[in-house]
Amino acid sequence: MKKLRPLIAPALVLLGIAGVNLAAAEAGRRFDVAPIGPQGQNILQMAAYIGIAWLFSRFANLLFTRLRPRNRPVPRLLRDLVSALLYLTAVVSGILLMLGHSAGSALAGSGVVLALFGFAIRNVVADTLSGIALGLEAPFRIGDWVDIEGLARGRVIEIGWRTTRLLTRDSTYVILPNSQISRQRIVNYSAPSPEFRAQVEITLGHATPVAAGADLLRKALRNAPLIRQSPPPDVRIQAIEPDGVRYALRYWVGRFDQEFDCRDAVWREVDAALRESGVALPPRPVPVFCAPVEGTATGGPCAQRPPVKMDVR
Numbered sequence: 239m240k241k242l243r244p245l246i247a248p249a250l251v252l253l254g255i256a257g258v259n260l261a262a263a264e265a266g267r268r269f270d271v272a273p274i275g276p277q278g279q280n281i282l283q284m285a286a287y288i289g290i291a292w293l294f295s296r297f298a299n300l301l302f303t304r305l306r307p308r309n310r311p312v313p314r315l316l317r318d319l320v321s322a323l324l325y326l327t328a329v330v331s332g333i334l335l336m337l338g339h340s341a342g343s344a345l346a347g348s349g350v351v352l353a354l355f356g357f358a359i360r361n362v363v364a365d366t367l368s369g370i371a372l373g374l375e376a377p378f379r380i381g382d383w384v385d386i387e388g389l390a391r392g393r394v395i396e397i398g399w400r401t402t403r404l405l406t407r408d409s410t411y412v413i414l415p416n417s418q419i420s421r422q423r424i425v426n427y428s429a430p431s432p433e434f435r436a437q438v439e440i441t442l443g444h445a446t447p448v449a450a451g452a453d454l455l456r457k458a459l460r461n462a463p464l465i466r467q468s469p470p471p472d473v474r475i476q477a478i479e480p481d482g483v484r485y486a487l488r489y490w491v492g493r494f495d496q497e498f499d500c501r502d503a504v505w506r507e508v509d510a511a512l513r514e515s516g517v518a519l520p521p522r523p524v525p526v527f528c529a530p531v532e533g534t535a536t537g538g539p540c541a542q543r544p545p546v547k548m549d550v551r
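Quick note on this note's numbering: the sequence shown kicks off at 239 and runs consecutively.
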């Protein structure tokens, strides 16, 4: 019964309006009193519309309170939006009644007015509804480090009705409309845990055996500061290529904002280990292009040209 207590006040208002109508009709029949005029009827009907909107908004609020999608409460924004829509419909219908329209045409006219109003502010409505969807789904929270594909990467500092605000690692303030965020792929680096694994790749020449190269890089990872040693970092062979063996150095970062510092520390230790052991990186092949061969439009690698005969005398 306590849960239905918010419905008592609007229900009593509606009963009072109905009682006034019945009392006026009964007084006019028994005591020959002039009934309420058309303008008075319109005022009572407008009051009834507002009372119905009040009742429905209270009922919707109770319904949203009981709903908990994904074990999260329904955002306050959705409740306010439903209530505002109900009250706006009631007020517009009442105004049309005061202007001389019938009850049916007033409700139809209010629907047209609301449709035109919604079309005029469609971008705002799209951002607001997207904000509600983000609030229900909760792909990120304030304080999370996120990467919104094609838009921005940073820490969430505010989630509003229409926009979400990020602070990048360069201390740049980014304001994004919620409708754009909802259409993009979102990567949350802070959920379910702030730790995540990163990796860098390096290629060593074939002169260095695979086992020795992996041990050398693994030792460099163990000496790198900032990165997590539990879970331990590891080294994986990505591919054996013509110019050398490509390794992947995988390590765990405590927080997303430490990624740059951890990568810098890893590369410093790798450079020190390579210099200490005397292992050199394979030279990168540089393609050499020659002038166009007679009968062709463009040049190509010198190896593709026909051999030149030299007459040595």
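Ideal Cβ positions, reconstructed from N, Cα and C, are used throughout, including at glycine. Since this is a predicted model, take the numbers as computed values, not measurements.
- Distances from the alpha-carbon of Val508 to those of Ser468, Tyr411, Val438 and Arg493 put Val438 closest.
- The DSSP-derived three-state label of Tyr489 is strand.
- The Cβ atoms of Ile413 and Ile386 do not sit closer than 8 Å to each other.
- In the displayed model, Ile424 falls within a strand according to three-state DSSP.
- The Cβ-Cβ distance between Tyr489 and Arg407 does not fall below 8 Å.
- The Cβ atoms of Leu442 and Val504 do not sit closer than 8 Å to each other.
- For Ile465, the closest C-alpha among the options Ala477, Thr446 and Asp502 is that of Asp502.
- Annotation for Trp505: the continuous alpha helix (DSSP H) segment containing it runs Glu497 to Ser515.
- The continuous stretches of alpha helix (DSSP H) do not include Ala445, and DSSP gives it neither H nor E.
- A direct Cα-to-Cα measurement between Asp382 and Val258 gives close to 57 Å.
- Residue range Asn416 to Ile419 is occupied by the alpha helix (DSSP H) that includes Ile419.
- Ala518 carries a coil assignment under DSSP once its states are collapsed to helix, strand and coil.
- Contact between Leu300 and Pro244 holds, since their C-beta atoms are separated by about 7 Å, short of 8 Å.
- Selection Ala328, Ile478 and Leu389 evaluated against Arg421 yields Leu389 as nearest (Cα-Cα).
- Between Tyr427 and Val384, the C-beta gap is smaller than 8 Å, which places the two residues in contact.
- Inter-segment contact for the region 325-334 and the region 276-293 is present: three or more beta-carbon pairs are separated by less than 8 Å.
- One alpha carbon belongs to Ser321, the other to Leu367, and they sit about 15 Å apart.
- Annotation for Gln476: the continuous beta strand (DSSP E) segment containing it runs Asp472 to Glu479.
- Its chain contains Arg403 and Leu405 as the residues whose beta carbon lies nearer than 6 Å to that of Ile395, once the 5 sequence neighbours on both sides are disregarded; these appear in chain order.
- Secondary structure note for Leu245: it is in no beta strand (DSSP E), with a DSSP letter that is neither H nor E.
- Annotation: the continuous beta strand (DSSP E) that includes Glu396 extends over Ala390 to Ile397.
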